[in-house]
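The block underneath contains the structure these notes are about, expressed in structure tokens.
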Amino acid sequence: MIEVQSYLEEIQQATFEKRKLLAILIDPDKFDETKPQKFLQKLPKQITHIFVGGSTVKEGRTCSVVKFLKSISDLPVILFPGDHSQISSHADALLFLSLISGRNPEFLIEQQVRSVEKIRNTNLEIIPTGYILIDGGRETSVQKVSNTIPLAQDNIQQIVNTALAGQYSGKKIIYLEAGSGAKDQVSSKIIKAVKDALNIPIIVGGGIRSIQQLHRVYDAGADLVVIGTAFENGTFQ
Ligand code: 1GP
Numbered sequence: 012m013i014e015v016q017s018y019l020e021e022i023q024q025a026t027f028e029k030r031k032l033l034a035i036l037i038d039p040d041k042f043d044e045t046k047p048q049k050f051l052q053k054l055p056k057q058i059t060h061i062f063v064g065g066s067t068v069k070e071g072r073t074c075s076v077v078k079f080l081k082s083i084s085d086l087p088v089i090l091f092p093g094d095h096s097q098i099s100s101h102a103d104a105l106l107f108l109s110l111i112s113g114r115n116p117e118f119l120i121e122q123q124v125r126s127v128e129k130i131r132n133t134n135l136e137i138i139p140t141g142y143i144l145i146d147g148g149r150e151t152s153v154q155k156v157s158n159t160i161p162l163a164q165d166n167i168q169q170i171v172n173t174a175l176a177g178q179y180s181g182k183k184i185i186y187l188e189a190g191s192g193a194k195d196q197v198s199s200k201i202i203k204a205v206k207d208a209l210n211i212p213i214i215v216g217g218g219i220r221s222i223q224q225l226h227r228v229y230d231a232g233a234d235l236v237v238i239g240t241a242f243e244n245g246t247f248q
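Spelled out as structure tokens, the structure:
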């Protein structure tokens, strides 16, 4: 039995034990704090984490939403920030993302450097995460905001090599992202190929709208799945 010491270790342990994890993603700009009961009732029963973030979020919103979520729920609240302005010391952990599928220095290192002053004197657990944007069949906000080109779904070798480059550079998690509201989710073939090549946990998100899709993604090898839009719209079924 491995002793659990951190949020990353919890994810690593669940991955080791093949216990699947589920995060809902809250976009702070769209979150309604006036109806906490409704929010709690809507949570899927399998939920293990709350992620908070968006491609762009109004200054200060992340912090108030994180504080609110911590006051109504015991679930770990993990930041999934679109940029350095979305860092809140009230969260439990931070996915310290590098957009490794892209070649835009702004999201490979600039935002990370700019976030340091906000992070260094907090208790936030930093989770180095390689973020890989994959074509989800429509242009998504993350593509527009990051000004990077997603990797094609049929270029599996490039996706696997990018994920492995992330692992070799010390990333502790790889996030395969089709983009919020994606038409096509990340394919099972991609998830399986990445899972077979890597020995770190894999997060998958983008366009997952149903239990069947959730199970398909888990069966392909995702360790943690993120659902945003379908939860937000109350259409996850
Ligand atoms: C987006 O992966 C997340 O960053 C979730 O996507 O909103 O499509 O569920 P959806």
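Each position in the sequence shown, counted from 1, maps to that position plus 11 in the working numbering. Glycine is no exception: its CB is placed at the ideal position from the N, C-alpha and C atoms.
Can you tell which of Phe118, Thr173, Asp230 has the C-alpha that lies nearest to the C-alpha of serine 198? Per the Cα distances, Asp230.
Under a three-way DSSP split, which group does valine 197 fall into? Here valine 197 sits in coil by DSSP.
Assumed close pair lysine 200, isoleucine 160 - CB separation to whole angstroms, cut-off 8 angstroms: Contact flag wrong, Cβ pair sits at about 20 angstroms.
Reduced DSSP category for serine 109 - H, G, I as helix; E, B as strand; rest coil: When secondary structure is reduced to three states using DSSP, serine 109 falls in the strand class.
Taking Cβ positions, are glycine 245 and alanine 193 nearer each other than 8 angstroms? Result no, Cβ atoms of glycine 245 and alanine 193 do not sit closer than 8 angstroms.
Can you tell me where the beta strand (DSSP E) holding glutamate 188 begins and where it ends? Element bounds for glutamate 188: 184-188.
Do isoleucine 219 and isoleucine 184 count as a contact pair if the criterion is CB distance below 8 angstroms? Cβ atoms of isoleucine 184 and isoleucine 219: not closer than 8 angstroms.
Let's test the definition: count the other Cβ atoms within 10 Å of the Cβ of proline 146 and tell me whether it reaches 16, buried, or not, exposed. The sequence shown places aspartate at residue 146, not proline. Using a 10 angstroms sphere on the CB of aspartate 146, the tally of other CB atoms reaches 16 or more, which defines it as buried.
Measuring from each Cβ to the nearest heavy atom of the ligand 1GP, keep the ones under 6 angstroms and list them in chain order. Proximity annotation: the ligand 1GP has residues Leu36, Glu188, Ser191, Gly192, Ala193, Gly216, Gly217, Gly218, Ile219, Val237, Ile238, Gly239, Thr240, Ala241 in chain order, each selected because its CB is closer than 6 angstroms to a heavy atom of the ligand.
Using three-state DSSP, classify glutamate 70 as helix, strand or coil. The three-state secondary structure of glutamate 70, taken from DSSP, is coil.
Write down the C-beta distance between valine 237 and valine 228 rounded to the nearest angstrom, noting that I regard them as a contact closer than 8 angstroms. With 8 angstroms as the limit, valine 237 and valine 228 do not qualify as a contact, their Cβ atoms being about 10 angstroms apart.
Below 7 angstroms CB to CB, which residues in the same chain sit around histidine 101 once its five sequence neighbours on both sides are set aside? If we look at histidine 101 and ignore the five residues flanking it on each side, its Cβ neighbours are Cys74, Val77, Lys78, Lys81.
For glutamate 136, does the three-state DSSP call read helix, strand or coil? Correct three-state label for glutamate 136: strand.
Per-residue burial, aspartate 85 [other beta carbons within 10 Å of its own, 16 or more giving buried]: Classification for aspartate 85: exposed.
By Cβ distance below 6 angstroms, which residues in the same chain neighbour serine 66 in space, the five residues on each side in sequence not counted? Cβ within range, chain order: Gly93, Ser152, Val153, Val156.
Can you give me the C-alpha to C-alpha distance between leucine 110 and alanine 189, rounded to a whole angstrom? C-alpha of leucine 110 to C-alpha of alanine 189: approximately 13 angstroms in a straight line.
Look at glycine 64 and glutamine 24 and say whether their C-beta atoms are less than 8 angstroms apart. One thing to note: glycine 64 has its Cβ no nearer than 8 angstroms to the Cβ of glutamine 24.
Distance between beta carbons of alanine 233 and isoleucine 211, contact taken as under 8 angstroms: Under the criterion of beta carbons closer than 8 angstroms, isoleucine 211 and alanine 233 do not qualify as touching, at roughly 13 angstroms.
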